[in-house]
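J.: My structure is below; once you've seen it, I'll send some questions.
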Amino acid sequence: MVHRDTRLTYAEVNGRANRLARLLVASGAGAETRVALALPRSADMVVAVLAVLKAGAAFVPLDPDHPAERLAFVLADSGATLLVTTDGLVEDLPPGVPAVTRPVRPFRPFRLDRVDLGADDTVARLRSLPAHDLSDAERAFPLDARHPAYVIYTSGSTGTPKGVEVPYGNVARLFGAAREQFTFGETDVWCLFHSYAFDFSVWEMWGALLHGGRLVVPDKEVTRSPEDVLRLLVREGVTVLCQTPSALYQLIAADQDLPSLGSELALRYVVLGGEALDPARLAAWYVRHRDDAPAVVNMYGITETTVHVTARRLGHADAVPGTPSVIGRGLTDLAVYVLGPGLRLVPPGVVGELYVAGAGLARGYAGRAAMSAERFVADPFGPAGTRMYRTGDLVRWGGDGRLEFVGRADDQVKVRGFRIELGEIEAALTAHPDVAQAAATVREDRPGHRRLVAYAVPAHRSGPDGDLAGRQVEEWRTVYESLYRDRATTVLREDFVGWDSSYDQRPIPLPEMREWLTTTVDRITELEPCRVLEIGVGTGLLMARLAPRCEAYWATDVSPAVIGHLRDRIAGDPALADRTQLRCQPAADFTGLPADRFDTIVLNSVVQYFPGVEYLVEVVAGAMRLLAPGGRIFIGDVRNARLLRCFATAVALAQAAPGTTNESLRATVDKAIRQERELVVDPALFATLPSRLPEVAAVDVRIKRGHARNELTRHRYDVVLVKAPAPETPGAGPGASGVGTGASGAGPAGAPRVGDAVARQWGEEVRTTSEVAETLERLRPRMLRVNGIPNARLADELEALRQLRHGVAPDAVREAATVGPEPEASAPEALHELAADLGYRAALTWSDSDGCLDAVFVDAAAGVDHRVLDQSVPPVPPVPSALSSSSATSAQGTQGTQGTQGTQGTQGNDLRPLRSYANDPGASHELGGLVASLRAHLATTLPDYMLPSALMTLDALPLTANGKLDRAALPMPDPGSTEPPAGPRRHRVRRPCAPCSPRCWGSPRSEWRRSSSRWAGTASSPSSSSAVPAGRGWCSPPARSSSTRRPRRSPPWPVRPTSRPPRAWAVQKEHSSGSPRRSRRASSGRPGQCGGSATQPAAGGAAVPRRVRRHGPGRVSRPALPGTGGPLRHGPVPRGRRRAAAQASASAGRVSARRPVPSGPGRRRCGVRAVAGGGPHHGRGGRAPGRGGAVAGRGPLRTVRSGAATAGPFRGPAWRPGPALAGHHQPPPAVGRVVGAPGPARTVRAVRTLR
């Protein structure tokens, strides 16, 4: 087993597991008891699983990344008597642990005791226990294959997790049943990719241990990065990899981006499971890999049937569009049935529900007998007493006798009365060439307002877009041109106008800005600049302090205004005029600048305005040509991409209004990240520059200095790049060129290498700053590197981020932050002071772990040059694809590693693509066009009722810890994401309509439904709507006194003119004694007029729509009540009945209920529809007058008189609009009152609206 530098043999793993098993038995673990495990990915996690099974108990895995509420529920519901954890996870566990006494299920109180593997007393007890195998005499009960081995919790359709009990024997038979598909052996290397709280890990873990193979346990951070996973697979020589399709799609993209690395893979099998596979998405994989190298096996399974049920090996012939997701045949000891209603077998090609019977079935759901009886049912096709599991998955038999996965029975959603397959929407999106991944879901962000929302991940651009970069540069030039135009008096002065805090939008305090400026100037001065070029001079903050000390000072800026002001200012100072040259040109334009001239080039606080990371590397390459050999580039104030979410969360939390929900805050953060217009860069990029640009000889990355705690010191850093010195000529002494010889172990540029320093790990070798000082005094090393020191500057923001991820309310998080304890005295500046007291100089850089830093202490008295400490990682030869024998024992000594960022930057001669190190500021420029393109694409692919009402783009789809799509984590749509594609203004009403002015109400952000729902119009959320004054193209409701009766008004739904409506049946209004004239026509509408969608007054004050629309053969379009999210009715309507209904409605002077009947005098709107009857043609297919329903003969009729409320469930107070109606239509409630118009008795049928 391998985890990081730990390598354990089977004997060592077995010995550790035996000791821990004895400890668990002594603590009460045994048959039919449960032991909860809350451990990070490590060797101890695997050892703990083995120990629980050796004790005869069942383990209950707890993923530390799950929310605290879920952990608390699982601990309580499982009835675990022991919790095995480690001290690093104590704060992540729910309150009340270890002594929790609560009723889990009725009459099941329990007490939970803790076993802390990191505690000194636990370590001592384990060492005292024997390491040989346990006997049944040592256990409370003998081992039995029928006892539960584990209880894994899955999320049910009700949202409440349920624990699945799987016995020992199920796991033992699993691999025997799969032998037809696989030939595993002791030479195989398995990767424990998935969380042990996901049952896929059972296959991964026991696949290695039962066959004598090697098990590689990667860190969580590695599994989240496809590029790092690819490197791990090559480095460890993994031969068996298990992936969910969502994770594999990302790995395929990394394989394309890193082709030389992908060609070194040693994989034999790639096993897919966990979710439905789209075989067409594997086409890119088979371009680079053969069908059998590796073999890709699609396996279907569920937790209740012990991981896997079916299997099918795939090939390049399957990777074509339109290929169904074939899951193959059942494993040898399982029976699979495709059943229809009444548990009848269905023929091939017919979709039915999948049932599974056989040896793999779980015992049931822990403590839920009723649910177990519902899902684990009697097997009518097997021997008496056998069971089968109802999966809820829809499949069909193919012509070749293999199962084809169709979808989940509960994946069919109902929106506006239509049954919709989400997978069909997702497939339509991914068919677009600019979409890499897609997801669709139904959201109900407001009660009763269900809508379809789609998410798309744009496909990466193949390279930088020159035109787009030019537009972005021009945009920033325009911004700063307007900013600097009127600030002539502030150039070369202490001008901090515009330096506002992102947290509160207020100017950053002047003392903090002065400290920022001083530390920046001091850092540049350390480099001993003489001939300087500053790219992006701005108002000259740095030039005013550096130029007087330099021989020559050149400066460029993209703004002509600022260059003009600087020239005027410098002209009056002869000392500066003689040594200063000013030029107006973009950063990437080096025209007129001398090559090999400058010893220092400064880019301070400008790279965040670059259009992309490719542009940044281009500027660095160009600047290197201007540097003299041994010269340096200072890049200051770079924003850290690793901390972008932390920063965005802190800003959103600071600006959130009281009462903001966790989901709303998360949506705000996601939106801020997607729309980030500034370039943020992973520090790891700079460590790889020597491999990309041969001129770069050394790289030094340091966090900002300063005592202040603001976004400048928390989230920004400085970089120094050193150009390689010129080759030494014969006779030239050492150090004749370049930056000097430096200390022993120096790199090509003479800078000391951080990788040569003595290394210590914070939290292991040293735990406090006092221990760091003691180490420096005792060893007196030339360089000491302490890795992983918690960054006190970020402690509060990281803690807030952690709490929000665990579901804590934003208000509670803010309150805890204001009263929280002060961080410990290991702040960055405290480390600098500690070093100075001991005669050292400290250099602080980012650590591999987010929120931590690495400190390098340099002994200045020993002659080590502290100005530049090389953290670069030069290209290294490829590592072998297989390690030495797994019998090599653990505990290789702690060694100094290469640069902090570099450890993830290179592998062999292969580099991550540049775009993986930074965000894409240009994405927001393209997203609008992509969304419009996707809407047009969907409109030509899907029927109207399947079109999403909101469409969002994401950088990546959220995945659960199990690698599946996390639909619950999909963000709330932005208000702008519901906008229809940009088009002519005729798609919206821009001025009052003649027939309905001045009583037409609407929201300024409403969208219209074409036919049933083209672009599925929904009113924007109340938070984004505002009152609209009359005269702006939208009509306000008439003013009325509270003592007067509400006047007659037009329908409250918006009236939309359409430029190209679908075909419609026109019902033209006649008097009740006349007959309707039916004609088929295409309605036309003009901007500002109601056209074919308008209403006309009818007898009794009712208004009648001019047409009843038809959608598709035999179906009538179904507009929904505004804001209710549901249609009036659904289902096909026979042509005869539709015609009879239209005739009956027209002859009675009223409309058949295709939309709510508008109100007349004395009538009020409510959330039900009223169908007026009594005409000569009313009835069910020709019944006697007055009998049967008014619409397709459905529903009973009820007679009411004016002012009388309907009886039954619709009885209740009449709905009245609230004060917010002064510009936004409030949807009526679902229960209300139908009041007839004045006049004779009328037949009314009331139907509850679908919400």
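Per the working numbering, the very first residue in the sequence shown carries number 17; after that it's consecutive. The beta-carbon is built from N, C-alpha and C at its ideal position, and this holds for glycine as well.
Applying the criterion that 16 or more other CB atoms from any shown protein chain within 10 Å of the CB defines a buried residue, is D308 buried or exposed?
T.: As a working mapping, residue 308 is identified with position 292 in the sequence shown. D308 counts as exposed, since fewer than 16 other beta carbons sit within 10 angstroms of its beta carbon.
J.: For Y26, count neighbouring Cβ atoms within 10 angstroms of its own Cβ and tell me buried if that reaches 16, exposed if not.
T.: Counting from 1 along the sequence shown, the entry for residue 26 is found at position 10. Its Cβ having fewer than 16 others within 10 Å, Y26 is exposed.
J.: Evaluate T684 with the Cβ neighbour count: other Cβ atoms within 10 Å of its Cβ, from every protein chain shown; 16 or more gives buried, anything less gives exposed.
T.: As a position in the sequence shown, residue 684 is number 668, starting the count at 1. Buried is the call here.
J.: Can you confirm whether the segment 780 to 789 touches the segment 47 to 60 when touching is taken to mean that 3 or more C-beta pairs between the two stretches lie within less than 8 Å?
T.: no
J.: Pick helix, strand or coil for Y212, following the three-state DSSP scheme.
T.: Taking the first residue of the sequence shown as 1, we reach residue 212 at position 196. Residue state, collapsed to three classes: coil.
J.: CB-CB under 6 Å to A828, same chain, minus the five flanking residues each way: which ones, in chain order?
T.: Residue numbering aside, residue 828 sits at position 812 when the sequence shown is read from its first letter. Nothing listed; no residue qualifies.
J.: Going by DSSP in three states, I168 sits in which element: helix, strand or coil?
T.: As a position in the sequence shown, residue 168 is number 152, starting the count at 1. In the structure shown, I168 sits in a strand (DSSP, three-state: E or B).
J.: For A591, count neighbouring Cβ atoms within 10 angstroms of its own Cβ and tell me buried if that reaches 16, exposed if not.
T.: Stepping through the sequence shown from its first residue, residue 591 is reached at position 575. It is exposed - the Cβ of A591 has fewer than 16 other Cβ atoms within 10 Å.
J.: Of the choices W778, D160, P806, Y212, whose alpha-carbon is the least far from that of A188?
T.: Residue mapping note: residue 188 aligns to position 172 of the sequence shown, counting from 1. Looking at the Cα atoms, D160 is the closest of the given residues.
J.: Please name the residue or residues paired with D875 in a DSSP beta bridge.
T.: Here residue 875 refers to the residue found at position 859 when the sequence shown is read from its first residue. D875 is bridged to Y856.
J.: Mapping DSSP to helix, strand and coil, what is N34?
T.: Taking the sequence shown and counting its residues from 1, the one referred to as residue 34 is at position 18. It is helical.
J.: Going by beta-carbon coordinates alone, are L973 and V232 separated by less than 8 Å?
T.: Reading the sequence shown from its first residue, position 957 is the one you call residue 973. Reading the sequence shown from its first residue, position 216 is the one you call residue 232. No, they are not a contact pair.
J.: In this structure, does DSSP put V1071 in helix, strand or coil?
T.: Locating residue 1071 in the sequence shown gives position 1055, counting from the first residue. Its pLDDT being 40, under 50, V1071 is placed unreliably in this model, and the value from its coordinates should be taken loosely. It is coil, neither helix nor strand.
J.: Which word fits G201, buried or exposed, when buried means at least 16 other C-beta atoms lie within 10 angstroms of its C-beta?
T.: The residue given as residue 201 occupies position 185 in the sequence shown. Exposed is the call here.
J.: Can you tell me which of P146, I436, A832 puts its alpha carbon nearest to the alpha carbon of D960?
T.: Position 944 of the sequence shown, counting from 1, holds the residue named residue 960. For D960, the nearest C-alpha among the options comes from I436.
J.: Out of A846, D271, L598, Q819, which has the shortest C-alpha to C-alpha gap to S575?
T.: Residue 575 sits at position 559 when you count from the first residue of the sequence shown. If we check each option's Cα against that of S575, L598 comes out closest.
J.: Tell whether a beta-carbon distance below 8 Å holds between R655 and V696.
T.: Counting from 1 along the sequence shown, the entry for residue 655 is found at position 639. Counting from 1 along the sequence shown, the entry for residue 696 is found at position 680. Yes, Cβ-Cβ distance for R655 and V696 is below 8 Å.
J.: What did DSSP end up calling Y1271 once you bin it into helix, strand or coil?
T.: Because the chain is modelled from 17 through 1267, residue 1271 falls outside the range shown and cannot be assessed.
J.: Over what stretch of residues does the beta strand (DSSP E) that includes K687 continue unbroken?
T.: By one-based count along the sequence shown, residue 687 stands at place 671. First-last for K687: 678 to 690, but that is the alpha helix (DSSP H), not the beta strand (DSSP E).
J.: For G374, write down the residues that DSSP places opposite it in a beta bridge.
T.: Counted from its first residue, the sequence shown places residue 374 at position 358. Note: G374 sits in a beta bridge opposite L350.
J.: Since L98 and S43 should fall inside the 8 Å C-beta cutoff, what is the C-beta to C-beta distance between them, to a whole number of angstroms?
T.: Residue numbering aside, residue 98 sits at position 82 when the sequence shown is read from its first letter. Residue numbering aside, residue 43 sits at position 27 when the sequence shown is read from its first letter. Right, their Cβ atoms sit about 6 Å apart.
J.: If you compare alpha carbons, which of S517, A955, L950, G588 is closest to P449?
T.: Against the sequence shown, residue 449 aligns to sequence position 433. The option with the nearest alpha carbon to P449 is L950.
J.: For the beta strand (DSSP E) that contains A455, what are its first and last residues?
T.: As a working mapping, residue 455 is identified with position 439 in the sequence shown. Its beta strand (DSSP E) spans residues 451 to 462.
J.: Specify, as a first and last residue, the run of the alpha helix (DSSP H) that P77 falls within.
T.: Taking the sequence shown and counting its residues from 1, the one referred to as residue 77 is at position 61. It is not in any alpha helix (DSSP H) - P77 instead sits in the beta strand (DSSP E) that spans 74 to 77.
J.: Give a yes or no on whether the C-beta atoms belonging to G95 and R155 are separated by under 8 Å.
T.: Taking the sequence shown and counting its residues from 1, one reaches residue 95 at position 79. Taking the sequence shown and counting its residues from 1, one reaches residue 155 at position 139. Between G95 and R155, the CB-CB gap reaches or exceeds 8 Å.
J.: If I'm right that V342 touches E420 with Cβ under 8 Å, what's the distance once you round it to whole angstroms?
T.: Position 326 of the sequence shown, counted from the first residue, corresponds to residue 342. Position 404 of the sequence shown, counted from the first residue, corresponds to residue 420. With 8 Å as the limit, V342 and E420 qualify as a contact, their Cβ atoms being about 5 Å apart.
J.: Just the C-alpha distance for E531 and T861, rounded to the nearest angstrom, thanks.
T.: One-based indexing of the sequence shown puts residue 531 at position 515. One-based indexing of the sequence shown puts residue 861 at position 845. Roughly 19 Å between the two C-alpha positions.
J.: Taking a contact to mean a Cβ-Cβ separation below 8 Å, would you say L274 touches L246 in this structure?
T.: Within the sequence shown, the letter at position 258 stands for residue 274. Within the sequence shown, the letter at position 230 stands for residue 246. In this structure, L246 lies closer than 8 Å to L274 by Cβ.
J.: Is it buried or exposed for A389, if we count other Cβ within 10 angstroms and need 16 for buried?
T.: Counting from one through the sequence shown, the residue named residue 389 turns up at place 373. Classification for A389: exposed.
J.: Check whether the segment 199 to 215 touches the segment 74 to 87, taking contact to mean three or more Cβ pairs, one atom from each stretch, closer than 8 Å.
T.: The segment 199 to 215 vs the segment 74 to 87: in contact.
J.: Could you check the C-alpha separation between E815 and R661 for me, to the nearest Å?
T.: Residue mapping note: residue 815 aligns to position 799 of the sequence shown, counting from 1. Residue mapping note: residue 661 aligns to position 645 of the sequence shown, counting from 1. Near 13 Å, if we compare the C-alpha coordinates of R661 and E815.
J.: How many angstroms separate the CA atom of E781 from the CA atom of R658?
T.: Taking the first residue of the sequence shown as position 1, residue 781 is located at position 765. Taking the first residue of the sequence shown as position 1, residue 658 is located at position 642. Distance between the alpha carbons of E781 and R658 is about 26 Å.
J.: If I measure Cβ to Cβ from E243 and keep anything under 7 Å in the same chain, skipping five residues before and after, which residues do I get?
T.: Counting from 1 along the sequence shown, the entry for residue 243 is found at position 227. The answer, listed in chain order, is A270, L274, R928, S932.
J.: For P4, collect the residues of the same chain with a Cβ closer than 8 Å to its Cβ; drop the 5 residues on either side in sequence, then sort them by chain order.
T.: Residue 4 is absent from the structure shown; the chain starts at 17 and stops at 1267.
J.: From the DSSP output, read off the bridge partner residues of Y184.
T.: Reading the sequence shown from its first residue, position 168 is the one you call residue 184. None, per the DSSP bridge assignment.
J.: Could you check what DSSP says for F392 in three-state terms: helix, strand or coil?
T.: Counting from 1 along the sequence shown, the entry for residue 392 is found at position 376. Strand, per DSSP.
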